[in-house]
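Chains as they are written, first to last, in this note's numbering: chain A, 15 to 163; chain B, 15 to 163.
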DNA sequence: GCATAAAGTTAAGCCCGCTTAACTAAAAAG
DNA sequence: CTTTTTAGTTAAGCGGGCTTAACTTTATGC
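Below, the structure written as structure tokens:
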């Protein structure tokens, strides 16, 4: 029996509790905006990766070009996404969050952040320091992994 | 300017990268099983919270009793969920994961765990130790928060 | 230049989730 | 014991996501 739990177990327990909470939070928030999950996910994608084309969306979510086009169209009509012509390729479109889309996503993040801030407010300063350091390590490792994959 | 990033920023960056990755992973996995997201989410709920009734499902996902009943019915027909009579209240049902449902959810977690294991394999033993300790702190805080809420 | 491939749109049709409404059955309240 | 509330199911109907198929427009390969 080890004194502190092995890394894999810590990660798993954290993942269980964190995932359950944050998935619920996101779906709840998405619903409150009136957007469907697929629509909302596209906004998230644009937030995370920046501008892209329609086929990038269809690849990311593993749906047909037609489906992506229709979903994007609804977001354009709702003024969440701007769909401009690509100057380099006149077949392609450049999708981007509008200010409205951007602020909606930010509001979602802020809700999530509030939860996490409450979490940290329940920890003492020593714990806070340890956690901050560890998360920086994890984030760096995760980003490195995404890039090489 | 502080030497190490403040806790809130570490949490936020970690959340951004982790959420994006794991949400995608889960939706991808759910789709690969042939289940819809609502159906899959119910299995997740049963995994996380254990047995419950139909109205617990409708409350959790903020849908009508009728919708919950229909969704559950599909899961019962697919042999993912067992729907038994509640011995204490013959109006109510007791929903539970079947072995098939349980192993499906576990397969999903294992996929997620694999990603996290690869993450830890990229860190040295000192980093591993720090991370394990920090996540244990976080998990404890999160569980405490859920209970008092 | 001409054929082919690629980016995106549109329309028809299917399945699914969800709601409301009407219903059954059992527990709780009085 | 009767009334009301609670748990759950069923059916009709709406709207949304997704697919295939047909099409337009622009870029690419030979």
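Note that CB positions come from ideal geometry on N, CA and C, so glycine has one too.
Since we're looking at a predicted model, the values are computed, not measured.
At a C-beta separation below 9 Å, residue 56 of chain B has no neighbours in chain A, since its nearest C-beta there lies roughly 12 Å away.
Using a C-beta cut-off of 8 Å, the region 147-160 of chain A makes contact with the region 138-149 of chain B, since at least three inter-stretch Cβ pairs fall below that distance.
In the structure shown, residue 126 of chain A adopts helical secondary structure according to DSSP, grouped into three states.
Taking the CA atoms as reference points, residue 44 of chain B sits about 35 Å from residue 140 of chain B. In the structure shown, the three-state DSSP call for residue 97 of chain B is strand. Where residue 60 of chain A is concerned, the enclosing alpha helix (DSSP H) starts and stops at 51-63.
Residue environment: residue 48 of chain A is assigned as exposed (fewer than 16 neighbouring CB atoms within 10 Å of its CB, all protein chains considered). For the options A:133, A:154 and A:104, the alpha carbon positioned closest to that of residue 162 of chain B is the one of A:133.
Residues of the region 69-91 of chain B that bring their beta carbon within less than 9 Å of a beta carbon in chain A comprise 74, 75 and 76, in sequence order. At a beta-carbon threshold of 9 Å, none of the residues of chain B lie near residue 47 of chain A; the nearest stands roughly 14 Å away. Across the set A:117, A:67 and A:131, the C-alpha of A:67 shows the shortest separation from the C-alpha of residue 102 of chain A.
Contacts with chain B (Cβ-Cβ distance below 9 Å) from the region 100-132 of chain A involve 123, 126, 127, 129, 130, 131 and 132, listed in chain order. In its chain, beyond the 5 residues on either side, 108, 109 and 110 have a beta carbon closer than 8 Å to the beta carbon of residue 65 of chain B. With a 10 Å radius around the Cβ and a threshold of 16 neighbouring Cβ atoms, residue 144 of chain B comes out buried. Note that the region 113-123 of chain B does not touch the region 67-85 of chain B; fewer than 3 beta-carbon pairs, one per stretch, sit closer than 8 Å. The Cβ of residue 31 of chain A sits closer than 8 Å to at least one Cβ of chain B.
Taking 8 Å as the threshold, the shortest C-beta distance from residue 157 of chain B to chain A falls below it. One alpha carbon belongs to residue 72 of chain B, the other to residue 32 of chain A, and they sit about 22 Å apart. Residue pairing from DSSP places residue 110 of chain A in a beta bridge opposite A:96. A check of alpha carbon separations from residue 98 of chain B across B:22, B:106 and B:158 identifies B:106 as the nearest. A check of alpha carbon separations from residue 92 of chain B across B:142, B:113 and B:42 identifies B:113 as the nearest.
Here residue 115 of chain B is not near residue 25 of chain B, since their CB atoms are 8 Å or more apart. Comparing C-alpha distances from residue 22 of chain A to each of B:138, B:79 and B:130 shows the shortest one belongs to B:130. Per the C-alpha coordinates, the member of A:123, A:94, A:155 and A:100 positioned closest to residue 138 of chain B is A:155. Within 8 Å of the CB of residue 50 of chain B, no CB atom of chain A is found; the nearest one sits about 11 Å away.
A straight line joining the alpha-carbon of residue 61 of chain A with that of residue 104 of chain B spans about 49 Å.
Scanning B:41, B:158, B:159 and B:153 for the CA closest to the CA of residue 29 of chain A turns up B:153. Below the 7 Å Cβ cutoff, chain A contributes 151 as neighbours of residue 141 of chain B, in chain order. Under the criterion of beta carbons closer than 8 Å, residue 53 of chain B and residue 88 of chain B qualify as touching, at roughly 6 Å.
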